[in-house]
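A short write-up of the structure that comes next.
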Amino acid sequence: MKNFPANYEELNTWMEKLGMAVPDVMQGFGALHDASLKSGALTSKTKELIALGIAITVRCDGCISYHVHDALEAGASKDEVAETVGVAIMMGGGPSVVYGIEAMQALEQFLQQKAR
6 MKNFPANYEE LNTWMEKLGM AVPDVMQGFG ALHDASLKSG ALTSKTKELI ALGIAITVRC
66 DGCISYHVHD ALEAGASKDE VAETVGVAIM MGGGPSVVYG IEAMQALEQF LQQKAR
């Protein structure tokens with residue numbers, strides 16, 4: 006099983022390094038990320054859950070780490086994350102089952118980390 010909290014931290018470190026290598030790209034990506042996920046007609050929580058569903062269907066481990074973490078930070082419940090996984094499986098088929106399991110593992114790990 007992957008260690009999703011450690012993966013989240015490692016990705017943050019490497020995103021900073023990538024930002025030093027290609028600052029214009031990462032600044033642009035950061036601005037797009039922030040603008041896309043801020044609350045509007047949809048709450049930030051809802052947008053994080055949408056991003057998680059997409060991460061599962063496109064099979065992006067790092068994205069799963071980020072969006073499970075950030076969905077929880079935005080106030081998502083365990084049940085909301087689980088239902089998001091269900092929708093992603095419906096949209097992505099069999100491979101999304103595997104990545105949906107990873108999202109549930111990430112959820113459990115981040116919840117355990119929060120409980121400490």
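Going by the working numbering, the first residue of the sequence shown is number 6, and it counts up by one from there.
Using N, Cα and C, we set each Cβ at its ideal position, and we do this for glycine too.
Could you give the DSSP three-state label for residue i: helix, strand or coil?
i	result
C68	helix
L47	coil
A36	helix
N8	coil
V167	Residue 167 falls outside the range modelled here, since the chain spans only 6 to 121, and no answer is possible.
Output yes or no for whether 8 Å exceeds the beta carbon distance between residue i and residue j.
i	j	result
P10	Q118	yes
H72	A56	yes
K83	L37	no
D66	N8	no
P28	R64	no
For the candidate residues the options, whose alpha-carbon lies nearest to that of residue i?
i	options	result
C68	A81, L54 and M96	L54
L16	A40, D29, G35 and S70	S70
A60	I94, E85, T18 and Q114	I94
L3	A76, Y104, G24 and R64	For the chain, the structure presents residues 6 to 121; residue 3 sits outside this window and is missing.
T51	D29, G33 and A79	A79
G58	E88, M6 and R121	E88
Is residue i buried or exposed, if buried means 16 or more other CB atoms sit within 10 Å of its CB?
i	result
T62	buried
L47	exposed
E107	buried
A26	exposed
V86	buried
Please indicate yes or no: does the CB of residue i lie closer than 7 Å to some heavy atom of the ligand MG?
i	result
G80	Absence of the ligand MG from the depicted structure is noted, as is the absence of any ligand whatsoever, leaving it without description.
**Every unbroken beta strand (DSSP E) within the region 53-107, with a cutoff of 3 residues, ordered by chain** = The region 53-107 contains no whole beta strand (DSSP E) run of 3 or more residues.
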